[in-house]
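Working notes, beginning with the structure itself.
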Amino acid sequence: MAVCETCGNDYDMAFEVRAQGAVHTFDCFQCAIEAMAPICEHCGTKVIGHGVQSGEHWYCCAHCARQEGTQGIVDRVMAGTAT
Numbered sequence: 016m017a018v019c020e021t022c023g024n025d026y027d028m029a030f031e032v033r034a035q036g037a038v039h040t041f042d043c044f045q046c047a048i049e050a051m052a053p054i055c056e057h058c059g060t061k062v063i064g065h066g067v068q069s070g071e072h073w074y075c076c077a078h079c080a081r082q083e084g085t086q087g088i089v090d091r092v093m094a095g096t097a098t
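Take the sequence shown: its letters are residues 16 to 98, numbered as in the numbering used here.
Structure (structure tokens):
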């Protein structure tokens, strides 16, 4: 059995996540998200999808990035307009 690093549960079905040279152990995805997901710098939600990044800043969506002054980020482009 392995101990979840977020909640401390000693669980026989724990799993490991390897990221940026480190190994993390969790008992569920909720604990993994709590420990590893970046936080939107505008609304404070956990970014569990792709999110958007501007420099070193993370946002859950283009709207939040624009609210913080980032320009040029959109949620989607029309087919055939991307270069």
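Every residue gets a Cβ at the ideal spot worked out from N, C-alpha and C, and that includes glycine.
Quick caveat, the model's predicted, so the values are computed rather than measured.
Measuring C-alpha to C-alpha distances from Val38 to each of Val92, Glu56 and Ala17 identifies Ala17 as the nearest. The Cβ atoms of Phe41 and Glu56 lie no closer than 9 Å to each other.
In the structure shown, Ile48 falls within a helical segment according to DSSP collapsed to helix, strand and coil. Here the C-alpha atom of Gly87 lies approximately 8 Å from the C-alpha atom of Arg81.
When the beta-carbon positions are compared, Cys75 and Gly64 come within less than 9 Å of each other.
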